Each structure stands twice: as C-alpha cells, then as structure tokens.
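Asks: Input: one structure, supplied below.
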Amino acid sequence: MTGDVFDPEQLSRCISCGFCLPACPTYAMTGDEASSPRGRITLMRALQDGTLPPDDGTLAEESSFCLGCRACEPVCPAGVEYGSLLEQWRVHQWRGWRRPLVARALMLLVEQRWLLRLSGLVRRAARGRAVTPAPPPSAPAASALSAPASGAAPAPAAAPGSAAAGGAGAQLMLGCVERGLYPAVSRAARALAPELAVPTAQGCCGALHAHNGDLAGGERLAERLGADLPGTIVTTSGGCAAHLASVLGRDRVRELSTWLADRPAGAELRVGGRRARVTLQDSCHLRNGLGVFAEPRMLLRQVADYVELPSAAACCGAAGTYSLLRPKDSRRILDAKLDEIEAAGVDLVVAVNPGCLRQLRTGLRRRRSAVRAVHLAELLARVESP
Amino acid sequence: MALSATVLAELRGIVGPSHVHDAAGDLVAYARDATPLFSHRPDAVVFPADTAEVAAVLALATRHRVPVVPRGAGSNLCAATVPLRGGIVLVLTRLNAILEVSGDELLARTQPGATSAALADAAAAQGLLWAPDPGSRTVATVGGTIATCAGGLRGLKYGVTRNYVLGLEAVLPTGEVIRTGGRLWKDVAGYDLTRLLTGSEGTLAVITEATVALLPAPASANTGVAYFPTLADAGEAVARVIRAGVVPATLEFLDRACIDAVEDFAHLGLRTDAGALLLFGDDGPPDLVAAHLDRIGAACVEAGAVEVTTAREVAQAEALLAARRCALPALSRRGGVTILEDATVPRPRIAEMVDRIDAIAARHDVAIATFGHAGDGNLHPTCVLDSAEDHDAVRRAEAAFADVFAAAIDLGGTITGEHGVGAAKLPFLAARLGEDQLALLRRIKSAFDPAGILNPGKLGS
Ligand SMILES: Cc1cc2nc3c(=O)[nH]c(=O)nc-3n(C[C@H](O)[C@H](O)[C@H](O)COP(=O)(O)OP(=O)(O)OC[C@H]3O[C@@H](n4cnc5c(N)ncnc54)[C@H](O)[C@@H]3O)c2cc1C
Ligand code: SF4
Ligand code: SF4
Chain A
57 MTGDVFDPEQ
67 LSRCISCGFC
77 LPACPTYAMT
87 GDEASSPRGR
97 ITLMRALQDG
107 TLPPDDGTLA
117 EESSFCLGCR
127 ACEPVCPAGV
137 EYGSLLEQWR
147 VHQWRGWRRP
157 LVARALMLLV
167 EQRWLLRLSG
177 LVRRAARGRA
187 VTPAPPPSAP
197 AASALSAPAS
207 GAAPAPAAAP
217 GSAAAGGAGA
227 QLMLGCVERG
237 LYPAVSRAAR
247 ALAPELAVPT
257 AQGCCGALHA
267 HNGDLAGGER
277 LAERLGADLP
287 GTIVTTSGGC
297 AAHLASVLGR
307 DRVRELSTWL
317 ADRPAGAELR
327 VGGRRARVTL
337 QDSCHLRNGL
347 GVFAEPRMLL
357 RQVADYVELP
367 SAAACCGAAG
377 TYSLLRPKDS
387 RRILDAKLDE
397 IEAAGVDLVV
407 AVNPGCLRQL
417 RTGLRRRRSA
427 VRAVHLAELL
437 ARVESP
Chain B
403 MALSATVLAE
413 LRGIVGPSHV
423 HDAAGDLVAY
433 ARDATPLFSH
443 RPDAVVFPAD
453 TAEVAAVLAL
463 ATRHRVPVVP
473 RGAGSNLCAA
483 TVPLRGGIVL
493 VLTRLNAILE
503 VSGDELLART
513 QPGATSAALA
523 DAAAAQGLLW
533 APDPGSRTVA
543 TVGGTIATCA
553 GGLRGLKYGV
563 TRNYVLGLEA
573 VLPTGEVIRT
583 GGRLWKDVAG
593 YDLTRLLTGS
603 EGTLAVITEA
613 TVALLPAPAS
623 ANTGVAYFPT
633 LADAGEAVAR
643 VIRAGVVPAT
653 LEFLDRACID
663 AVEDFAHLGL
673 RTDAGALLLF
683 GDDGPPDLVA
693 AHLDRIGAAC
703 VEAGAVEVTT
713 AREVAQAEAL
723 LAARRCALPA
733 LSRRGGVTIL
743 EDATVPRPRI
753 AEMVDRIDAI
763 AARHDVAIAT
773 FGHAGDGNLH
783 PTCVLDSAED
793 HDAVRRAEAA
803 FADVFAAAID
813 LGGTITGEHG
823 VGAAKLPFLA
833 ARLGEDQLAL
843 LRRIKSAFDP
853 AGILNPGKLG
863 S
C-alpha cells in the first residue's frame, strides 16, 4: 500500500465512463488507454493501492507524457478534478532527484527574488526600446499591428503607480516568465489599465512548482505573492491566474481579459488597408481551470474580424515546462495547430499566456509564416514585443 | 497465465514491436472498462492495423490457446471487455477509417474503430442520419456499438443498432475472414449471420468492417421537458403518450436524484424541486414535430405534469439531450461507486416496475436512482454507494439488483435492454433464456470458436 499519494475522495470520483477520451490530446496521438485521462486515473489507483510499484515505468512515462492541459476536466460529468490529481501524482513521481533537471533549474531560478527583481530592472531599461509606436497613417503596413487610418491607438499611459507597492487596490502581477521574456506584455497591460498599481517587489506565483511535483512549494509561493500583492491581483498569464485562484481563492484573482471586459477595446485594427483577421489560442488552464474563454473573444471581436479555429481550446503543446521536457511530443501537437492556423488565413494569432505565446511564436518563425503571434494585451495596446 | 516468449515474439512479428504492450502499467490500464467492481489484467495488449493482422493474431491465439478480448473504447457497462482469463486484449481503435458514405445507396462502410459520433458526423455532412445514439456515442466505437447492439436516446422511433447493420466483415477465431450480408436491403441467402454477430459481444468473431444503413436526415427536430411530482406519474405519462398514437423519437425520464446530478454538471436551469422529469423529442417536418410535441405535452398534463416547456432553440434542445446522455457519470457526484443496471419491461408496466424498484431499494437499504429510455420500457436503476471498500453495502446492492432482474422478468421483461450481458449479467441469463436455449448458445459458440479463445467467461461460456 502506497496509500497516501492521492486524496481518496478525488480519486474515487472517476467512474471510468470514458467521456474524457475524445478531449485528450495525448490519447488522440496514441489511441492507447494508458495515455488517456481515464487510463491515467486507473494507473493512479494502482499506485495508490500498491498494485503497481512506485518505480513502474509506465507510471513514470505517463505522468510526464500528460500535458496537464486539463481538457479532460470540463467534459467530465462526474466532476473529477484531474488537474489536482496530476499535481498530487507528480509530487510522488518526481520526488527529489527524479524531478527533471530542467524543471529543477527553472524552479530554483524563479524562486530567487533578487533575480526576478534584476529581470525587472532589465525590463525597465528595455522599456524605451521595445515599444513599437503605432506607425503614422501614411506608413506602409509593415507591422501586423499597424494602427487604423485614424491613428487612434491608445497612448501608453505614463506608468502610473509603478512604485506604489502594497495598498489594497488592484495590482498588476508581472509574472516571472513574462518579465524575462516579454516585458512588453506587462507594459501593454499597464497602458490598458492605468489604474493598476505595479509593485516591483513581487515574486513568482508558484504554478511552475505545483505542476512539476512541488505542490507545497507552489502553495508557499502563491501565498507569499498574495501577501506581496494584497487585494485583487490582475495577471496577463492564464496559467498563473488558475494556480493563484486555486490557492488564494477565485475572488482574489483576475486575468486581464476579464478585467478589461466591460470597457471599450479601442479602435479597429487594420492590416494592409482592411480589417485584421485574428484568432485566439485559449490558455488551457484559463479555459479548463477557470472557465474563462468568452471575454478575450469579445474584446477581439470589437477590434478585428475574429476567426474561431476548431481546435482553439486544444493545447498548443507549450503546457508550462512541457515544451522543454518533451520537445518532440510538444512539436507534434504544435504542428497540427500551426497547420490549422495557417489554413485559416488569419493575420494574427492571439495568446493569453506567455508560454503559449512563446510556443506559437517560435513555431511560426520556424516555418517563416506570415502569421504573427501576439499577446492579447499587446494587441489591444498596439505594442509588440520583439 | 503469462504469455510465452514465443507467443510475444510472434505477436510482435505480426503487428510490429511498438504495437504490443506488456509492461505492468500498460496491462493495468486495460484491466477494466466502464463497469465498476470488475477488473482483471491481460497479459498483453495488441493494436492491429488491419484485417490481415487481426486474422494472424487470432490464428496464433487459437493455435496457442490464448484468450483474446476484442475491445473498442471500453465504454460498456457489463464487464464485456474485462479479460477475466488474461490473455490478449485486442484493441481495434487503429482501424478507424470511415471508408464510404453513399447518399444514393443510403449506407456507409466503416472500420470498427471509428466512433459512433464520427460516423454520425460523416453521415450528417451528406444530409444523412446514423440512427443508433447511445449516450456514450462520442466515445463508443461502431464496432463496440454493433457488438453490444446498443440502443440509445432515439430507440423508440428508430430501434436499436441491429436494424441498421447491412453487412459485416469479420474474422473468426481460427483466422478465416468472412463477409456476411452486404450492401443490399433485401438479401435472404442463408442464416442471418449479420444479426447473429450483432450483439454477440465479441464472443463469436472480430468485426473488422461494417456496412450500415443510413436514413435521410429529418428536416427538423425539437425537444421538450415535462416535470412531475413522482416518477410513477411520469411512467403514467409515457403510457398516455403511446396510447395517443404518437411515437416520438425520444422519451426519457429522470428521477429527482438524477435531475439534481445532471443540473449540477450542465447548469441548464432544470427544476430540481420536481420528483421526476420526462424529456421528449421528435424529428421530421417542422409542422408535424410541433403537432407531436403539443400532443405529448397534453398527455403529460393529463398525467399530472406540473410544468411542460419546449426548447426554444436547437442549441437548447441539443443541450437537453446532451445532459441526459451524461446522467450516469453525473450521478457519481453523489458517491464513490455507481452501479448502473439495465432492465426492460413492457411499456404499460413501467410505473409498476418503478414502484417495485423503490420497494426493493428500501428492503435492501440501498439508494437507487432511476432514469431511462421510458419510451422503450428500458430502465436504468442506478445504485450509488459511498465506497467500493464498503463490502457490506456492495453485497446489499448486488442482492437488490438480483431482485430487480427477477422483478423485470416477472413483469414480462428482460435483464438487459441494451447494455448487454457481458460478465456482469451472465449469472442471470439462464433465468431469462432457459437451460435449453443456453445450451444452444454454447453449441453456436463452439461452432465459431472451437478452442474457446474469444472473450471467454462471457456469452456462450
Ligand atoms: C455514460 C454511458 C452511457 C451509455 N449509454 C448507452 C446507451 O444509451 N445505450 C446503450 O446501448 N449503451 C450505452 N452505453 C454502453 C456502451 O457505451 C455501448 O454499448 C457502446 O456502444 C460500446 O462501445 P465500445 O466501443 O466502448 O465497446 P467496448 O466496451 O470496447 O466493447 C463492448 C463489447 O463489444 C465487443 N467488441 C468491441 N469491438 C468489437 C469488434 N470490432 N468486434 C467484435 N467485438 C467487439 C467487446 O468484446 C465487448 O464485448 C453507455 C455507456 C456509458 C459509460
Ligand atoms: S469523464 Fe470523468 S468519470 Fe468519466 S472516465 Fe473521464 S475522468 Fe473518469
Ligand atoms: S490533462 Fe490533458 S493530456 Fe493530461 S489526461 Fe487530461 S486531457 Fe489528457
């Protein structure tokens, strides 16, 4: 008996009906029960009751092959909280040295507040350079984000409250991946919601830890961030939003699109003299964990022609650290998605999560595609990270 | 019984090494299906790619006397794909091509691993209807649907899968490939092996291709809901609907516990203060559908319905049907183990059966919720227990279901209307068929499967 890996109540909820099978991207790849949500839950049960030894190869393989995209959750009539079971599984599976090296390194990195602060400094230094100002009406539409003929792009607000640490008002979370890779996204968010305070002393939300077998660390970091940013936390990352909400409670956390939902989205976005055609790639955790998918679409519809892709809700393969840990599987999932995006004839694909943004951008560049990937905040504020 | 190295090597030679799995974890994943309380590990899981590979695997299995359990999506509810004697689980999901949809001939040809929903979509794209509609259609394969002769939400008007199978390609356990029936709607040459294989639960042959009849898609469809004080009132309404001369496509009921559970999942705004609801629907020309829905609504009011509404939009109607399809898994929100059964009685006796189920539940001190395809007299009494570890409760549930089956037979009904016999119902089959017929079943089984390798412990055993 291993016994205590999973919350038995959660584990017993699954009745093996298989309704989740068609939603699962890894099952679609293999057609193998073992790589389906139902099969993985059967494996978890075998681990829990000791019928499989903890070092079983299939257990190890399947716990890491799973994307953690939680597409299996909203379709499960029995209400199985698969994402939470997976986190518990990885705590057991990836104990100590068994945790993948890349994940360990990343976790160490984002836990160092001084490093985060440093990347914050870099971000500030880069501020002047990275903003792509809306080109004048006469300029050729070289950028997909060119402003409308009327030139009505919202002017980036003059960094209000940037030093205002604390306070119980709403505050913008900078995100540890985002502040390193895409500082322009936070900058765009500030331009769109100047009322948000932006304390620079803030850590990592811990989603990375929770998804990579350090559930306790993930909770600790989320709580610390919650203390650093009292009041409502607004984030530009779907993954962080879902994790923070699970620890701090849903009422403390807002993803940017829901924060912006009831204000006008700005002037129409034009490309080559016509209204831009855009599509959205959902963030798995935002959609499947928090049920947020209507708001970003609503915002996009106001400024552009929105094209819904059949697989918008399906994972792009970024899945947190997945693209680093399992590059081949990640590529396979991404390739199908990129084929679909290119076939749809859109100008832009919009992400609401830095990981997805990186994944899509890298993939599209590799293909030399004409389609560009941008973050929702960047699109609405008409800036773009390099 | 572990497989010998020779057998494993031969299997790998037939389907390729990556399509034979025999690691402990892989076997655990195939030890069970959607049936609670049954589990047994196979010795190998094999994923063939075509008919020739299926034939070679079966011939090998007969030669070495290795049990083989064909498997589609494993969504059956009678332990039909649990490999009780170990051996090989033969997974047919790689054979998932829909080969042809013909509007001129009103038929489709498909491999067995395609899902029932995929076939329905392919048919719909050409304005055609694949009528069988089990609740599990998005998961269940066509092969599994044929092998269990599945029914579903449209059973009242359209019948079960059997009515739509025109021809099969199947591999016998000894490795021969036969083709039964064909593309013809009229063909009476020989014994009707197509019908024999339909519903044979993987005990006679492995289906590798099916030719199925499609119908022209109805011009429109709509759905309504009627709420009743009690499930017996809903049963009375069913009798009145049928007497009124209307044969709706759908006539489903849910009792209060089921309404609660479904509402919890689907958030449709169902009334959770009612004792039961009847979900009714019809398809066809819009005028006729409207007229039928009106008449059904009137019959419900006569039977004591407290409220009757019809869906305003197609999307709403589809949402109602989808909610009904998930009644079983939604019920598991109530506890750790959900045992669903499947008994059918003549339609006029539904209300009586509902009363008997209530009495049986009380006698054995178990909670039984009931929903079902009321129009067919097909009930799904479902027992929700806190945990499978509570052996006493499990025993009480089992005893209660034995009584439920006896009651169904007593009322002129049967022990399964659509889910099949599998391993779960085998002990009750004699009560339904009698010993002479069981003996005939066994002789048929040994004619197809002399070595007894195909799905042992199920039908024909
Ligand atoms: C929530 C839920 C709702 C359901 N609703 C309904 C319903 O409304 N009506 C209904 O009738 N059933 C229903 N079912 C039961 C089940 O889903 C159906 O019987 C389904 O058609 C089985 O398909 P499958 O692919 O999962 O088959 P499996 O479960 O894999 O197999 C079922 C049987 O078919 C055999 N088999 C599978 N493929 C082949 C093949 N190619 N050749 C030979 N034998 C084969 C297997 O050996 C086994 O005996 C429901 C199940 C669930 C979990
Ligand atoms: S849909 Fe839910 S209950 Fe059904 S098998 Fe999947 S996880 Fe289990
Ligand atoms: S989280 Fe995603 S990949 Fe993992 S089992 Fe669920 S649907 Fe499949």
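Residue numbers (my numbering), protein chains in the order written: chain A, 57 to 442; chain B, 403 to 863.
Yeah, the Cβ is synthetic: ideal placement off N, Cα and C, and Gly gets one too.
Model, not experiment: these values are computed from the prediction.
Please confirm whether A/Phe75 and B/Pro731 have their CB atoms less than 7 Å apart.
Replies: As a position in the first sequence, residue 75 of chain A is number 19, starting the count at 1. As a position in the second sequence, residue 731 of chain B is number 329, starting the count at 1. Yes, these two residues count as a Cβ contact at 7 Å.
Asks: Any C-beta of chain A within less than 7 Å: which residues of the stretch 731-745 of chain B qualify?
Replies: Pro731, Ala732, Ser734, Arg735, Gly738 and Thr740
Asks: From the DSSP output, in three-state form, read off B/Phe449 for me.
Replies: Against the second sequence, residue 449 of chain B aligns to sequence position 47. Residue state, collapsed to three classes: coil.
Asks: Let me see if you follow: with CB-CB separation under 7 Å, is B/Asp428 close to chain A or not?
Replies: Start at 1 with the first residue of the second sequence, and residue 428 of chain B comes out as number 26. Yes - at least one Cβ of chain A is within 7 Å of the one on B/Asp428.
Asks: Which of the residues in the stretch 71-100 of chain A, read from start to end, lie with their CB under 7 Å from any CB of chain B?
Replies: Answer set for the stretch 71-100 of chain A: Ile71, Ser72, Cys73, Gly74, Phe75, Leu77, Pro78, Gly87, Glu89, Ala90, Gly95, Thr98 and Leu99.
Asks: Start and end of the alpha helix (DSSP H) containing B/Ala623?
Replies: What you label residue 623 of chain B is simply residue 221 of the second sequence in a count that begins at 1. Segment Ser622 to Phe630 is the beta strand (DSSP E) holding B/Ala623; no alpha helix (DSSP H) there.
Asks: Under 8 Å: do the stretch 455-470 of chain B and the stretch 422-431 of chain B share three or more Cβ pairs, one atom per stretch?
Replies: Remark: fewer than three beta-carbon pairs, one from each stretch, lie closer than 8 Å, so the stretch 455-470 of chain B and the stretch 422-431 of chain B are not flagged as touching.
Asks: Using the Cα positions of B/Leu723 and B/His775, report the straight-line distance between them to the nearest angstrom.
Replies: As a first step, residue 723 of chain B is located in the second sequence; it is residue number 321 there, counting from the start. As a first step, residue 775 of chain B is located in the second sequence; it is residue number 373 there, counting from the start. Whole-angstrom Cα-Cα distance: 12 Å.
Asks: Closer than 8 Å is the cut-off here; do at least three beta carbon pairs connect the stretch 733-741 of chain B with the stretch 787-799 of chain B?
Replies: yes
Asks: So, does the CB of A/Asp60 fall closer than 7 Å to a CB anywhere in chain B?
Replies: Indexing the first sequence from 1 puts residue 60 of chain A at position 4. Taking Cβ atoms only, chain B never reaches closer than 7 Å to A/Asp60, which makes this a no.
Asks: Using beta-carbon positions only, say whether A/Leu416 and A/Ala426 come within less than 7 Å of one another.
Replies: As a first step, residue 416 of chain A is located in the first sequence; it is residue number 360 there, counting from the start. As a first step, residue 426 of chain A is located in the first sequence; it is residue number 370 there, counting from the start. Taking 7 Å as the cut-off, the beta carbon of A/Leu416 is found no closer than this to the beta carbon of A/Ala426.
Asks: Between B/Arg727, B/Arg735, B/Ser734 and B/Asp778, which lies nearest to B/Ile752 when the distance is taken from Cα to Cα?
Replies: Here residue 752 of chain B corresponds to residue number 350 of the second sequence, with the count starting at 1. Residue B/Asp778 holds the alpha-carbon nearest to the alpha-carbon of B/Ile752 among B/Arg727, B/Arg735, B/Ser734 and B/Asp778.
Asks: Which chain B residues are close to A/Asp112, counting only those with a beta carbon under 7 Å from its beta carbon?
Replies: Counting from 1 along the first sequence, the entry for residue 112 of chain A is found at position 56. Ordered by position in chain B, the residues that pass the 7 Å Cβ test against A/Asp112 are Ala426 and Gly427.
Asks: Examine ligand 2 and report whether any of its heavy atoms sits within less than 6 Å of the Cβ of A/Cys76.
Replies: One-based indexing of the first sequence puts residue 76 of chain A at position 20. Within the cutoff, so yes.
Asks: What would DSSP say about B/Glu611, mapped onto helix, strand or coil?
Replies: What you label residue 611 of chain B is simply residue 209 of the second sequence in a count that begins at 1. Three-state DSSP puts B/Glu611 in a strand.
Asks: Which of the three DSSP states is assigned to B/His669 in this structure?
Replies: If you number the second sequence from 1, residue 669 of chain B lands on position 267. B/His669: coil per DSSP, three-state reduction.
Asks: Could you check what DSSP says for B/Ser504 in three-state terms: helix, strand or coil?
Replies: As a working note, residue 504 of chain B is residue 102 in the second sequence. B/Ser504: strand per DSSP, three-state reduction.
Asks: What residues of chain A sit near B/Ala475, judged by a beta carbon separation below 7 Å?
Replies: Mapped onto the second sequence, residue 475 of chain B falls at position 73. Near B/Ala475 (Cβ distances below 7 Å), the residues of chain A are Gly74 and Leu77.
Asks: Could you pull the start and end residues of the beta strand (DSSP E) that B/Pro472 belongs to?
Replies: In the second sequence, the residue the question calls residue 472 of chain B occupies position 70. Start and end: Val470 to Arg473.
Asks: Quick check on the DSSP output: what are the complete beta strand (DSSP E) runs of length 3 or more inside the stretch 726-766 of chain B, in order along the chain?
Replies: 739-742
Asks: Could you list which residues in chain B have their beta carbon closer than 8 Å to that of A/Ala321, in chain order?
Replies: Locating residue 321 of chain A in the first sequence gives position 265, counting from the first residue. Result: empty, since nearest Cβ-Cβ is about 26 Å, beyond 8 Å.
Asks: Could you tell me which residues DSSP puts in a beta bridge with A/Glu371?
Replies: Translated into the one-based positions of the first sequence, residue 371 of chain A becomes position 315. One point to set straight first is that residue 371 of chain A is Cys, not Glu, in the sequence displayed. Answer is none; A/Cys371 lacks a bridge partner.
Asks: Check whether the stretch 508-520 of chain B touches the stretch 613-621 of chain B, taking contact to mean three or more Cβ pairs, one atom from each stretch, closer than 8 Å.
Replies: yes
Asks: Would you report the Cα separation of A/Ala116 and B/Leu840, rounded to the nearest angstrom?
Replies: Here residue 116 of chain A is taken as the residue at index 60 of the first sequence, counted from 1. Here residue 840 of chain B is taken as the residue at index 438 of the second sequence, counted from 1. Roughly 46 Å separates the two Cα atoms.
Asks: For B/Glu611, count the other beta carbons within 10 Å of its own beta carbon; 16 or more makes it buried, fewer makes it exposed. Which is it?
Replies: In the second sequence, residue 611 of chain B corresponds to position 209, counting from 1. Buried: at least 16 other Cβ atoms inside 10 Å.
Asks: Give the single residue among B/Leu570, B/Phe630, B/Thr746 and B/Phe807 whose Cα lies nearest to the Cα of B/Asp594.
Replies: As a first step, residue 594 of chain B must be located in the second sequence, where it is residue number 192. Among B/Leu570, B/Phe630, B/Thr746 and B/Phe807, the Cα nearest to that of B/Asp594 is on B/Leu570.
Asks: Relative to the C-alpha of A/Val359, which residue among A/Ala102, A/Arg330 and A/Pro64 is closest?
Replies: Here residue 359 of chain A is taken as the residue at index 303 of the first sequence, counted from 1. Residue A/Arg330 is the option with its Cα nearest to A/Val359.
Asks: Give every residue of the same chain whose Cβ lies closer than 8 Å to the Cβ of A/Leu381, excluding the five residues on either side of it in the sequence, and list them in chain order.
Replies: Mapped onto the first sequence, residue 381 of chain A falls at position 325. The answer, listed in chain order, is Ser120, Pro156, Val158 and Ala159.
Asks: Could you give the distance in angstroms between the alpha-carbon of B/Gly557 and the alpha-carbon of B/Val716?
Replies: Against the second sequence, residue 557 of chain B aligns to sequence position 155. Against the second sequence, residue 716 of chain B aligns to sequence position 314. One alpha carbon belongs to B/Gly557, the other to B/Val716, and they sit about 20 Å apart.
Asks: So does B/Asp435 have its beta carbon nearer than 6 Å to some heavy atom of ligand 1?
Replies: Here residue 435 of chain B refers to the residue found at position 33 of the second sequence. Yes - ligand 1 has a heavy atom lying nearer than 6 Å to the Cβ of B/Asp435.
Asks: Assign A/Glu275 to one of three DSSP states: helix, strand, or coil.
Replies: As a working note, residue 275 of chain A is residue 219 in the first sequence. The answer is helix: DSSP assigns A/Glu275 an H, G or I state.
Asks: How would you list, in chain order, the residues of chain B whose beta-carbon sits under 7 Å from the beta-carbon of A/Arg146?
Replies: Here the question's residue 146 of chain A lines up with position 90 in the first sequence. None at all; the shortest Cβ gap to chain B is about 16 Å.
Asks: Please confirm if B/Phe655 has its CB atom under 7 Å from at least one CB of chain A.
Replies: Taking the first residue of the second sequence as 1, we reach residue 655 of chain B at position 253. With 7 Å as the cut-off, B/Phe655 does not count as an interface residue toward chain A.
Asks: What is the residue span of the beta strand (DSSP E) that B/Leu492 lies within?
Replies: Taking the first residue of the second sequence as 1, we reach residue 492 of chain B at position 90. For B/Leu492, the enclosing beta strand (DSSP E) starts and ends at Ile490 to Val493.
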